[in-house]
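Undergrad: Mind having a look at this structure? Questions to follow.
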Amino acid sequence: MAVVLPVTSLFLGLHTIYFAVISLKVGLFRAANMPKGNSYESVEYFKNINSAQSNFGQYFPIVMLLLATLEANEVMSQKYLLVLSAVITAIRIGHTLQLAMPQKLPIVMRQVGFLSTVLFFIVCGAACVVIGLQGTGLVEGNLLSGKAQEL
1 MAVVLPVTSL FLGLHTIYFA VISLKVGLFR AANMPKGNSY ESVEYFKNIN SAQSNFGQYF
61 PIVMLLLATL EANEVMSQKY LLVLSAVITA IRIGHTLQLA MPQKLPIVMR QVGFLSTVLF
121 FIVCGAACVV IGLQGTGLVE GNLLSGKAQE L
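Counting in the UniProt record's numbering, the sequence shown runs from 1 upward without gaps.
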């Protein structure tokens, strides 16, 4: 039986395209500088875009797994899941843009991005724990409605 997760699919696609773009920037910079024997790792621009790529790459799989779990278990309506997905996407992109361009963008983008991501992880992680406890029968009742229409 196929599980259809349209919201997660949409944001997985958007995150993947963004990750491909920042990965391409890193790769093109390396390609332009490696044949010349340049020590590009110490170049500030490279360090910034490489940091942005690495940071985004380490967080987006976890974000997608959390969103997919919430969507598959119908913890909230599709409308609220779309809003949550859009917000975490904007937060993560803002965070990585500040990493890539620290001289041009305010540090508050990075700080808000980090704190918001941690909050997102705690709230969604707790929801996943509840889903797991209920699904395994370790907790009786339905702590999360399970019916998207109610939220």
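Ideal placement from N, C-alpha and C gives every residue a C-beta, glycine not left out.
1) Measuring CB to CB, does Ser56 end up less than 8 Å from Ile22?
2) Assuming contact is defined by CB atoms lying nearer than 8 Å, are Val83 and Ile49 in contact in what I supplied?
3) Is the beta carbon of Phe11 sitting closer than 8 Å to the one on Thr89?
4) Between the stretch 115-131 and the stretch 60-79, do three or more beta carbon pairs fall short of 8 Å?
5) Taking Glu74 as the reference, which of Cys128, Met1, Gly141 and Gly137 has the closest Cα?
6) For Gln78, count neighbouring Cβ atoms within 10 angstroms of its own Cβ and tell me buried if that reaches 16, exposed if not.
7) So which of Leu28, Ser39 and Lys47 has the shortest CA-CA distance to Pro102?
8) Which residue's Cα is closest to the Cα of Ser9: Glu41, Asn33, Leu24 and Glu71?
TA: Taking the geometry as given:
1) As a working note, residue 56 is residue 56 in the sequence shown. As a working note, residue 22 is residue 22 in the sequence shown. The identity of residue 56 in the sequence shown is Phe, whereas the question assumes Ser. Less than 8 Å divides the Cβ of Phe56 from the Cβ of Ile22.
2) Residue 83 sits at position 83 when you count from the first residue of the sequence shown. Residue 49 sits at position 49 when you count from the first residue of the sequence shown. Contact: no.
3) The residue given as residue 11 occupies position 11 in the sequence shown. The residue given as residue 89 occupies position 89 in the sequence shown. The answer is yes: Cβ separation under 8 Å.
4) A contact between stretches requires three or more CB pairs, one per stretch, nearer than 8 Å, and the stretch 115-131 meets this requirement with the stretch 60-79.
5) On the sequence shown, residue 74 is found 74 positions in, with the first residue counted as 1. Minimum Cα distance to Glu74 is reached at Cys128.
6) Taking the first residue of the sequence shown as 1, we reach residue 78 at position 78. When all chains shown are included, Gln78 counts as exposed.
7) By one-based count along the sequence shown, residue 102 stands at place 102. Here the closest residue by C-alpha is Lys47.
8) The sequence position of residue 9 within the sequence shown is 9, counting from 1. Ser9 has its Cα closest to that of Glu71, out of Glu41, Asn33, Leu24 and Glu71.
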